[in-house]
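Colleague:
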Amino acid sequence: MAAGLALALFLVPVGGAAADPRPTVAEAKRKLAKLNDQADKIVEKYNQAGEKWKKARKKYKALDGDLARQTAKVADLRKELVTMAVSSYQYGSVTGWEGLINQGDPGALLSSMAAADQMAAARARYLNAFDEATKTLRDNRNQAKAALNEADKTRDELADEKAKVEKMVRAQTKLLNELGTYQQGNPNSTGIKYNGPASGSARTALAFAYAQIGKPYRFGGTGPGGWDCSGLVQASWRSGGVSLPRTTWEQWSWGASRRVPVSALQPGDLVFSHGLGHVGIYIGGGKMVHAPQTGDVVKISPLRSGLVGAVRP
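If you read the sequence shown in our numbering, its first letter stands for residue 2, the second for the next number, and so on.
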């Protein structure tokens, strides 16, 4: 008995029974849900910064191009004025005012002088106008450049957030693999055919979204081989002839005058959840088609809890 007790004590690890480092299924699911919620918000913040940067860059390039064209015009006009001034100087130095004074026709003399003065005055007026226009363009260009610098700064600041997203994606992938629920998806999926009740642009948008079913979720994805939630919504409604902004926050703001109560949802409406961190397209029957999160695919799901509201494009 003593020997048996000794053996038993020998088999028990020091400090008690060894803890299983692997989380339980319930723990893994809870952790995954928390990661998914955090990732939604961070991905959308990063997308928003990217859109801000692209718009600022476009504005800067347009204004900078206008400035270059205007500057060239001013340079040409200055060149003409210099040529005129040199010609006047040479005219005066070679023939002098004696040639003008000794003209037999005083009327012709006065007309010539008046014409020269009018031409110079006109040139000066044009030059002043161009100079003013150039100053305005330069100011606008500087404002656009400041906006671009600010957008660059914002994007740089959010690069850390992007790194966090990538870290979350790795954590999500690890948990999903442990749970055996990671879905690779098929970037070449042709989805399924839409046969629902929607009509017009909504039907076209839903038909597009249905054709993406089975493709993988990809953060920042705008297709065609992978989508994030707002990228899928934007592309689906673009196919229906409606131009939506890129991010969920922008889509929600865009629809400020088009919001509908959740109790009055119709197929094709945009449904927002997770504090505007997620968006899908309502299909009817309390369901939506959407791109959920890492390790999942574009699919049809019940409406998420915590709906913020809906927009009808």
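For each residue, glycine too, the CB sits at the ideal point set by N, CA and C.
How long is the line joining the alpha carbons of I301 and Q71, rounded to whole angstroms?
Modeller: For I301 and Q71, the distance between alpha carbons rounds to 54 angstroms.
Colleague: According to DSSP, is D153 part of a helix, a strand, or is it coil?
Modeller: The answer is helix: DSSP assigns D153 an H, G or I state.
Colleague: Can you find the residues in the same chain that come closer than 6 angstroms, C-beta to C-beta, to N37, ignoring five residues on each side of it along the sequence?
Modeller: Closer than 6 angstroms at Cβ, skipping near neighbours: Q294.
Colleague: Count the other CB atoms within 10 Å of the CB of S237; is the residue buried (16 or more) or exposed (fewer)?
Modeller: With 16 or more Cβ atoms within 10 Å of its Cβ, S237 is classed as buried.
Colleague: Taking 7 angstroms as the limit between beta carbons, can you name the residues of its chain near S306, skipping five residues before and five after?
Modeller: For S306, where only same-chain residues beyond five positions count, there are no Cβ hits under 7 angstroms.
Colleague: Tell me S200's beta-bridge partners as DSSP assigns them.
Modeller: None; S200 has no bridge partner.
Colleague: Just mark K62 as buried or exposed, buried being the case when its beta carbon has 16 or more other beta carbons within 10 Å.
Modeller: Exposed is the call here.
Colleague: Have a look at E151 and V243 and give me their C-alpha separation to the nearest angstrom.
Modeller: Answer to the nearest angstrom: the Cα atoms are 30 angstroms apart.
Colleague: Please specify which runs of the beta strand (DSSP E), each continuous and at least 3 residues long, are wholly inside the stretch 197 to 284, giving them in chain order.
Modeller: As far as the stretch 197 to 284 is concerned, its whole beta strand (DSSP E) runs of at least 3 residues are 271 to 274.
Colleague: Pull up the distance between the alpha-carbon of G51 and that of G222, whole angstroms please.
Modeller: Using only the alpha carbons, I get a separation of about 13 angstroms.
Colleague: With the cut-off set at 8 angstroms, would you say A29 and L176 are in Cβ contact?
Modeller: Taking 8 angstroms as the Cβ cut-off, A29 and L176 qualify as a contacting pair.
Colleague: Compare the C-alpha of A69 against each of A122, T137, D41 and A125 and name the closest.
Modeller: When only C-alpha atoms are compared, the closest one is T137.
Colleague: Beta-carbon separation of A292 and Y218 under 8 angstroms?
Modeller: Against a cut-off of 8 angstroms, the Cβ pair of Y218 and A292 comes out as a contact.
Colleague: Quick check on the DSSP output: the beta strand (DSSP E) that includes G296 runs from which residue to which?
Modeller: Premise fails: G296 is in no beta strand (DSSP E) and is neither H nor E.
Colleague: Is the CB-CB distance between E296 and Q184 below 8 angstroms?
Modeller: Residue identity check: residue 296 is Gly in the sequence provided, not Glu. Yes. Within cutoff.
Colleague: By the 10 Å Cβ neighbour count, where 16 or more other Cβ atoms means buried, how is Q267 classified, buried or exposed?
Modeller: Q267 is exposed by the Cβ-count criterion.
Colleague: Please report how far the alpha carbon of K74 lies from the alpha carbon of S190, in whole angstroms.
Modeller: Cα-Cα distance, rounded: 55 angstroms.
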